[in-house]
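With UniProt numbering applied, the sequence shown corresponds to residues 1 to 168, in that order.
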Amino acid sequence: MVDQAQHRIQEAMTTLIDDLDKEYLRGIQRSMHLCAAECCDRKDSSVDQVHRCIESCSTPLTQAQGFVQNELSQFQERLQRCVMVCQDRVRNQVTADTSESQDSSQRGSSFAMANSAGSFMRQAALGIGGVTVYKAEFEGCAMKCVDDHISLMPSIKKRIAGVLSKNT
């Protein structure tokens, strides 16, 4: 279940990044290279002038890549926070008397959240003591986090595309 969630979120992120690259970033990169080639064609320019020209050509791509990276980092942080909430909810239910064989009627409140990201989810699951019932509850919650965040990707792509389209 953990591996499946990790694979799904990685696939969705890869698809998002590939789409943005093909639709926007490559065009910006192409413009950068054409601009840099024009800088190099200036026979009357000094070495410093050519270098400054090339640097200014790369500014739009650098800014676009930085923007995309920032948006994706914020997305990943939100996913991690969601998974941490799942972990905290389960930890709050675990008591000193909790055992492997404790059934769900002895646990207190349950919750129906799900979905998470791979290694982070594994670490969090191990952090709750490995109690089977609570681990399953955590995994269900974490899986919902992954599902919810994957469903946000089209709007994230649209927002990023809106900014990048202004730079092409």
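Glycine included, C-beta positions come from ideal geometry on N, C-alpha and C.
These numbers were taken from a predicted model, which means no experiment stands behind them.
Please list the terminal residues of the continuous alpha helix (DSSP H) segment that includes residue i.
i, result
"Tyr134", "132 to 166"
"Ser46", "Per DSSP, Ser46 belongs to no alpha helix (DSSP H) and is neither H nor E."
"Val94", "Unbroken run through Val94: none, as it is neither H nor E."
"Arg30", "26 to 41"
"Asp18", "2 to 20"
Less than 8 angstroms between the CB atoms is what I'm expecting for residue i and residue j, so what's the real figure, rounded?
i, j, result
"Val47", "Cys39", "About 11 angstroms separates the two Cβ atoms, so there is no contact after all."
"Leu16", "Leu164", "Not quite, the Cβ-Cβ distance comes to about 13 angstroms (not below 8 angstroms), so this is no contact."
"Val2", "Glu139", "7 angstroms"
Is the beta carbon of residue i less than 8 angstroms from the beta carbon of residue j?
i, j, result
"His149", "Arg89", "no"
"Gln76", "Leu25", "no"
"Met143", "Ala5", "yes"
"Val146", "Arg8", "yes"
"Ala161", "Glu23", "yes"
"Leu61", "Gln10", "no"
"Tyr134", "Gln93", "yes"
Excluding five sequence neighbours on each side, which residues of the same chain lie with their C-beta closer than 8 angstroms to the C-beta of residue i?
i, result
"Ser101", "For Ser101, the predicted model reports a pLDDT of 46, less than 50, meaning its position is unreliable; a value from the coordinates is still stated below. Excluding sequence neighbours, Ser101 sits near nothing in its chain."
"Ser45", "Cys39, Cys53"
Who are the Cβ neighbours of residue i in its own chain at under 6 angstroms, not counting the five residues just before and after it?
i, result
"Ser110", "Low per-residue confidence applies at Ser110: pLDDT is 32, beneath 50, and the placement is therefore not dependable enough to give any value."
What does a CB cutoff of less than 7 angstroms around residue i pick up in its chain, not counting 5 residues either side in sequence?
i, result
"Ser58", "Met32"
Nearer than 7 angstroms: is that true of the beta carbon of residue i relative to any heavy atom of the ligand ZN?
i, result
"Thr62", "This structure simply doesn't include the ligand ZN, nor any ligand for that matter."
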